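Participant:
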Amino acid sequence: MSGEGPVPQAIRKLSAGKLVIASHNEGKVREIRELLQPYGMDVVSAGELELPEPEETGTTFVANAELKALQAADLSGLPALSDDSGLCVEALGGDPGIFSARWGGENKDFGHAMQLVEDRLAEKGPDAARDAHFICALALAWPDGHVEWFEGRVDGTLVWPPRGDKGHGYDPVFVPVGGQETFGEMDQAVKNDISHRADAFRQLVAAVF
501 MSGEGPVPQA IRKLSAGKLV IASHNEGKVR EIRELLQPYG MDVVSAGELE
551 LPEPEETGTT FVANAELKAL QAADLSGLPA LSDDSGLCVE ALGGDPGIFS
601 ARWGGENKDF GHAMQLVEDR LAEKGPDAAR DAHFICALAL AWPDGHVEWF
651 EGRVDGTLVW PPRGDKGHGY DPVFVPVGGQ ETFGEMDQAV KNDISHRADA
701 FRQLVAAVF
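In this text, residue positions in the sequence shown follow the working numbering: the first is 501, and each later residue adds one.
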């Protein structure tokens with residue numbers, strides 16, 4: 501896992517108070533809320549505020565995280581934290597990458613998305629490498645347009661069939677390096693200590709709190 505380099509130095513610190521999580525993904529909001537709990541933040545999601553979901557037109561995780569955070573901060577008048585994350589499979593040239601949610605179709609059916617990844621790997625032949633990694637980009641935006649961002653990563657391998665009903669997204673097919681359980685089987689407190697999101701959060705916490 502990355503994130504062991506120098507601690508990023510934020511230009512602006514975040515004060516305790518209201519913070520918008522710029523996401524309509526309940527699983528993601530729950531994870532972020534748990535990670536923020538120790539820092540005195542009064543968290544509300546974009547879904548709870550009925551904020552619209554912006555079109556993700558960025559070409560990187562950071563760009564998409566920034567545009568979501570900036571819109572939520574602008575519309576709510578509050579600091580907003582956004583996460584853009586996804587699964588990158590080496591044998592698929594980094595796909596699904598920034599399109600990870602979109603591989604699930606309009607209904608964001610991750611059962612379908614996981615099957616699609618497996619089908620694409622099968623097309624590569626029985627010897628196709630199953631190395632993969634998750635990336636999480638966090639962007640923290642203020643209503644005046646200022647943004648801080650952090651990027652985390654966790655490496656692992658893909659398994660099939662999916663295992664476990666915890667977590668969300670592609671968690672049931674991802675086993676982190678050194679682990680035996682998928683993120684879908686793992687106790688969520690353990691996952692929250694080693695995940696790509698946890699990696700990015702450690703950087704954010706060190707920099708802005």
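Each residue gets a CB set at the ideal place from its N, CA and C atoms; glycine is no exception. From a predicted model like this one, the values you see are computed outputs, not experimental measurements.
Measuring CB to CB, does L621 end up less than 8 Å from A591?
Facilitator: Result yes, Cβ atoms of L621 and A591 sit closer than 8 Å.
Participant: Give me the Cβ distance between D595 and V589, rounded to the nearest whole Å; I'm assuming they're in contact under 8 Å.
Facilitator: Confirmed, about 6 Å.
Participant: What residues in its chain sit with their C-beta under 7 Å from that of K518, if we drop five residues either side in the sequence?
Facilitator: The answer, listed in chain order, is D542, V544 and L578.
Participant: What is the rounded straight-line gap between the Cα of N607 and the Cα of R530?
Facilitator: One C-alpha to the other measures close to 20 Å.
Participant: Terminal residues of the continuous alpha helix (DSSP H) containing V673?
Facilitator: Run containing V673: none; DSSP gives neither H nor E here.
Participant: If you count every other CB in all the chains shown that lies within 10 Å of the CB of Q537, and 16 or more means buried, which is it?
Facilitator: By the 10 Å Cβ count, Q537 comes out exposed.
Participant: Please state whether the Cβ-Cβ distance between A706 and G652 is less than 8 Å.
Facilitator: The answer is no: Cβ separation not under 8 Å.
Participant: Would you list, in sequence order, the uninterrupted beta strand (DSSP E) runs of no fewer than 3 residues that lie entirely inside the segment 598 to 663?
Facilitator: If we require 3 residues or more, the beta strand (DSSP E) runs fully inside the segment 598 to 663 come out as 631 to 641 and 647 to 658.
Participant: Tell me where the alpha helix (DSSP H) around I694 begins and ends.
Facilitator: Q688 to I694 is the extent of the alpha helix (DSSP H) around I694.
Participant: Shorter than 7 Å, the distance from the beta carbon of L616 to the closest heavy atom of the ligand GDP, or not?
Facilitator: Looking for the ligand GDP in the displayed structure turns up nothing, as the structure carries no ligands at all.
Participant: From G684, E555, I694 and Q703, pick the residue whose C-alpha is nearest to that of G527; which is it?
Facilitator: When only C-alpha atoms are compared, the closest one is G684.
Participant: In the DSSP assignment, what residue or residues form a beta bridge with V529?
Facilitator: According to DSSP, which records beta bridges pairwise, V529 is partnered with nothing at all.
Participant: Which first and last residues belong to the alpha helix (DSSP H) in which K568 is found?
Facilitator: Element bounds for K568: F561 to S576.
Participant: Between D619, F634, I511 and C636, which has its C-alpha nearest A628's C-alpha?
Facilitator: Among D619, F634, I511 and C636, the Cα nearest to that of A628 is on D619.
Participant: List the DSSP bridge partners of P596.
Facilitator: Answer is C588.
Participant: What residue does the beta strand (DSSP E) around R513 start on, and which one ends it?
Facilitator: In the sequence as displayed, the identity of residue 513 is Lys instead of Arg. Careful: K513 lies outside any beta strand (DSSP E) and carries neither H nor E.
Participant: Can you give me the C-alpha to C-alpha distance between Q688 and V520, rounded to a whole angstrom?
Facilitator: Straight-line Cα distance between these residues: approximately 22 Å.
Participant: Assign G505 to one of three DSSP states: helix, strand, or coil.
Facilitator: Bear in mind that the predicted position of G505 carries a pLDDT of just 48, short of 50, making it too unreliable to give a figure here.
Participant: Mind checking whether L551 and A572 have CB atoms under 8 Å apart?
Facilitator: Cβ atoms of L551 and A572: closer than 8 Å.
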